[in-house]
Amino acid sequence: MKTPLGRRTSPPHIDVQFQSSLWAAQPLAEETVRNSVLAAAATLSTVGGEVSIVLTDDSVIRSLNRDWRGIDKPTNVLSFPASGATTGEGTHLLGDIVIAFETLERECADENRDFLHHLAHLAVHGFLHLNGYDHETDRQAEEMEGLESRIMASLNMPDPYRAHDLG
Numbered sequence: 025m026k027t028p029l030g031r032r033t034s035p036p037h038i039d040v041q042f043q044s045s046l047w048a049a050q051p052l053a054e055e056t057v058r059n060s061v062l063a064a065a066a067t068l069s070t071v072g073g074e075v076s077i078v079l080t081d082d083s084v085i086r087s088l089n090r091d092w093r094g095i096d097k098p099t100n101v102l103s104f105p106a107s108g109a110t111t112g113e114g115t116h117l118l119g120d121i122v123i124a125f126e127t128l129e130r131e132c133a134d135e136n137r138d139f140l141h142h143l144a145h146l147a148v149h150g151f152l153h154l155n156g157y158d159h160e161t162d163r164q165a166e167e168m169e170g171l172e173s174r175i176m177a178s179l180n181m182p183d184p185y186r187a188h189d190l191g
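Have a look at this one:
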């Protein structure tokens with residue numbers, strides 16, 4: 025595949041790790057995060073690289089959130105961009121995305137969201153962070169949310185920023 029600049033693109037290598045048995049309740053989780061990251065990479069015209077996705081639970085993500093961000097509570101997704109590192113084979117490391125099962129499940133119940141759609145959105149959101157996108161300012165948030173919406177549409181999934189029917 026070629027980008028508009030003529031640069032050859034290739035999909036990233038995606039390593040999915042399960043660190044909680046809770047994820048067994050969602051047998052399509054691995055396929056969902058892989059497809060979501062591939063769609064995000066295609067939208068960004070990402071050239072190769074390697075990303076690790078860790079599907080874990082609230083206790084692990086709470087510890088990571090506390091240790092790395094100083095926030096002692098669980099969150100839905102954390103991203104840890106690699107700092108230009110490469111593997112022994114010369115593959116560029118993009119970083120790690122960590123997603124917590126219970127927080128994701130709770131948000132789905134509270135916001136009337138489909139579990140796999142919300143999981144896909146969190147994987148896309150995390151991947152964008154690995155590629156330098158952020159939402160610290162209104163302008164950054166608008167750009168990032170627009171990309172997320174476009175990527176979710178490419179997956180035939182709902183816009184995560186459109187109001188959901190809470191019944």
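In our numbering, each residue carries its 1-based index in the sequence shown increased by 24. Using N, Cα and C, we set each Cβ at its ideal position, and we do this for glycine too. No experiment lies behind these values; they were computed from the predicted model shown.
Compare the beta carbon distance of residue i and residue j with 8 angstroms and say whether it is the shorter of the two.
i, j, result
"valine 148", "glutamate 172", "yes"
"methionine 181", "histidine 141", "yes"
"alanine 65", "proline 35", "yes"
"valine 84", "leucine 143", "no"
"histidine 37", "serine 103", "no"
Return the residue from the list the options that minimises the CA-CA distance to residue i.
i, options, result
"leucine 117", "Asp138, Ala48, Ser45 and Val75", "Val75"
"aspartate 82", "Ala165, Gly73 and Val101", "Val101"
"glutamine 43", "Gly170, Pro184, Asn59 and Val78", "Val78"
Can you tell me the Cα-Cα spacing of residue i and residue j, whole angstroms?
i, j, result
"threonine 99", "valine 71", "29 angstroms"
"leucine 52", "glutamate 135", "21 angstroms"
"aspartate 39", "valine 122", "12 angstroms"
"alanine 177", "threonine 67", "11 angstroms"
"tryptophan 92", "threonine 80", "16 angstroms"
"leucine 146", "threonine 161", "19 angstroms"
"phenylalanine 139", "leucine 128", "7 angstroms"
"glycine 156", "glutamine 164", "11 angstroms"
"leucine 62", "phenylalanine 151", "10 angstroms"
"glutamine 50", "arginine 86", "21 angstroms"
DSSP beta-bridge partners for residue i?
i, result
"isoleucine 11", "Residue 11 lies beyond the range of the chain shown here (25 to 191); nothing can be said about it."
"histidine 84", "According to the sequence provided, residue 84 is valine. The question's histidine does not apply to it. Answer is none; valine 84 lacks a bridge partner."
"serine 34", "Val71"
Tell me the DSSP secondary structure of residue i in three-state form.
i, result
"aspartate 39", "strand"
"histidine 116", "strand"
"leucine 166", "Per the sequence shown, the amino acid found at residue 166 is glutamate instead of leucine. Correct three-state label for glutamate 166: helix."
"asparagine 89", "helix"
"arginine 130", "helix"
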